[in-house]
Amino acid sequence: MTDIPVQKNEFYDVTVQDLTHDGAGVAKIDGFPIFIQNALPDEEVKVKVIKVKKGYAFGRLEEIKKPSAHRVDAPCPIYKQCGGCQLQHLSYEGQLIAKRKQVQDVLERIGHLKDIPVHPVLGMDHNPWRYRNKAQVPIGEREGGLIAGFYQQRSHEIIDMKECLIQQEINDTVVQTVREICEKHGVRAYNEKTHKGTLRHVMARYGLVTGEVMVVLITRTPDIPNRKAIVEEIAAALPEVKSVVQNVNPKKTNVIFGDETRVLWGNEYIYDFIGDIKFAISARSFYQVNPEQTKVLYEKALEYAGLTGEESVIDAYCGIGTISLFLAKKARKVFGVEIVPEAIEDAKRNAELNEINNAEFAVGEAEVVIPKWYKQGNTADVLVVDPPRKGCDEALLQTIIEMKPKRVVYVSCNPATLARDLRVLEEGGYKTVEVQPVDMFPHTVHCEAVARIERI
Ligand code: SAH
1 MTDIPVQKNE FYDVTVQDLT HDGAGVAKID GFPIFIQNAL PDEEVKVKVI KVKKGYAFGR
61 LEEIKKPSAH RVDAPCPIYK QCGGCQLQHL SYEGQLIAKR KQVQDVLERI GHLKDIPVHP
121 VLGMDHNPWR YRNKAQVPIG EREGGLIAGF YQQRSHEIID MKECLIQQEI NDTVVQTVRE
181 ICEKHGVRAY NEKTHKGTLR HVMARYGLVT GEVMVVLITR TPDIPNRKAI VEEIAAALPE
241 VKSVVQNVNP KKTNVIFGDE TRVLWGNEYI YDFIGDIKFA ISARSFYQVN PEQTKVLYEK
301 ALEYAGLTGE ESVIDAYCGI GTISLFLAKK ARKVFGVEIV PEAIEDAKRN AELNEINNAE
361 FAVGEAEVVI PKWYKQGNTA DVLVVDPPRK GCDEALLQTI IEMKPKRVVY VSCNPATLAR
421 DLRVLEEGGY KTVEVQPVDM FPHTVHCEAV ARIERI
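The opening position of the sequence shown corresponds to residue 1 in UniProt numbering, with each subsequent residue numbered one higher.
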């Protein structure tokens, strides 16, 4: 214990040096780190130590003696309660600097990769607010009425929310209108404790280019009281709505969606464009939440793929085929792999919709399907991966190493797993040439990056 230089409930004056991946400031006393919520790099602050662990402590920000040049007032009134954003107190310019550094740090620390060019983050040019095309809002009850909001940080209490500053305005309107209509028809909110009530979540998804909206009612039971009237009123009140879908989740779980999805009104999907490619998007399919930046991200992936028109390309974790179809225009052939069957249906439909005939799609785990293809003698010149936060499966990385595509493009939403996977590829004969972070999620700590990896 004597080695620990701080004590619980004591106050210390420190200079904040860094920002963690979840947005807390880090200061050090004799090399011992203290994590301080809401403190920013370069700030001189007074901190009260509230918890001491073996190798680090948590502190509460008591006073800012010298603020960062990048400190701003968070514009959102519910910023602290919500926790959906973590960096609103940092200027947008400051956020982009911090995200670049985060990528550089993990490449060194986790990937043991030195001197890899990490370019300045490509941020949102004009307005880094109101960018999200999808809202998923939990429904609760207060004084007999329905509230639509968010779970208070570290709790299961739903707080009422009228607007979210990173959400497309139309999604706020859609959620509130659906809430009012459901309330009027006596729909009860799902209650986690009693496992009673009907409406669990409302999801709204907006096609930025087409203006089309999908509403998804996520319910505990297949029945919704006055369903027909509710759906008709939603469609009448919101002309942008082209699709009303119900998803039934009867389980006691905090996973939002259940297995059963059915269309209540209108189409099974809405459309949107990224660049000049049109996409049909159904309720359960993954679709990037920041469409303006998606175009920037995919164009970078396409550039890093270095296609001449002759290549055979595999797009692993392809979702509804978004990247695949971007690549198909410049490649000989593209094969997409994705685990969600509905997404693959969308991908096939999207290829047809755009009259793209050189893209094929398969349902399954990338780490199972691609090794199988390889054993059958099907290889690729270029491989693109865009895995979820946990990164690529080891079996997939090993297959890439054996298959020896001349280039790998790695699109990542988690720099830590990107760094881990780049290390594996490095040991298997690949070199990471450059990394381009793209800001898909302004005001949050989330950080997206594309890496160009070449066979040596
Ligand atoms: N490239 C797409 C999707 C990226 S998100 C886009 O930009 O829109 C990651 C996708 O990986 C999701 O669609 C998810 O369903 C899928 N996925 C998750 N685990 C997988 C696995 N083991 N094999 C294949 N796909 C997987």
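Note that CB positions come from ideal geometry on N, CA and C, so glycine has one too.
The structure displayed is predicted, hence computed values, not measured ones.
Between the Cα of residue i and those of the options, spot the shortest distance and give me the residue it belongs to.
i           : options               : result
residue 271 : 387, 353 and 59       : 353
residue 342 : 389, 399 and 262      : 262
residue 126 : 99, 93 and 274        : 93
residue 54  : 66, 153 and 3         : 3
residue 251 : 187, 221, 280 and 114 : 221
residue 208 : 232, 248, 153 and 273 : 273
residue 454 : 400, 283, 420 and 253 : 400
residue 193 : 158, 48, 303 and 429  : 158
residue 183 : 206, 168, 224 and 152 : 224
residue 121 : 436, 332 and 115      : 436
residue 85  : 131, 47 and 142       : 131
Where does residue i sit, in a helix, a strand or coil, going by DSSP?
i           : result
residue 412 : strand
residue 326 : helix
residue 421 : helix
residue 297 : helix
residue 109 : helix
residue 262 : strand
residue 331 : coil
residue 95  : helix
residue 181 : helix
residue 305 : helix
residue 453 : strand
residue 370 : helix
residue 341 : helix
Going by the CB atoms, is the gap between residue j and residue i shorter than 8 Å?
i           : j           : result
residue 139 : residue 201 : yes
residue 198 : residue 173 : no
residue 334 : residue 359 : yes
residue 297 : residue 448 : yes
residue 459 : residue 146 : Given a span of 1 to 456 for the chain in the structure shown, any question on residue 459 remains unanswerable.
residue 8   : residue 36  : no
residue 450 : residue 381 : no
residue 228 : residue 267 : no
residue 96  : residue 129 : no
residue 103 : residue 415 : yes
residue 43  : residue 75  : no
Pull up the CB-CB distance for residue i and residue j, whole angstroms please, since I reckon it's below 8 Å.
i           : j           : result
residue 38  : residue 61  : 5 Å
residue 177 : residue 135 : With 8 Å as the limit, residue 177 and residue 135 do not qualify as a contact, their Cβ atoms being about 12 Å apart.
residue 336 : residue 321 : 5 Å
residue 281 : residue 325 : Not confirmed; about 13 Å, so no contact.
residue 23  : residue 445 : 5 Å
For the ligand COA, is there a heavy atom less than 7 Å away from the beta-carbon of residue i?
i           : result
residue 319 : Among the ligands modelled here, namely the ligand SAH, the ligand COA does not occur.
Run through the stretch 198-249 for me and flag every whole beta strand (DSSP E) of 3 or more residues, listed as ranges in chain order. 199-206, 213-219 and 241-248
Can you give, in chain order, each stretch of the beta strand (DSSP E) that sits fully within the stretch 374-412 and has at least 3 residues? 382-385 and 407-412
What are the start and end residues of each continuous beta strand (DSSP E) run of 3 or more residues lying completely inside the stretch 110-158, in chain order? 134-142 and 145-151
Ordered list of beta strand (DSSP E) runs contained in the stretch 29-79, each at least 3 residues: 32-36, 44-52 and 57-66
What are the complete beta strand (DSSP E) segments, minimum 3 residues, inside the stretch 265-291? 269-274 and 277-282
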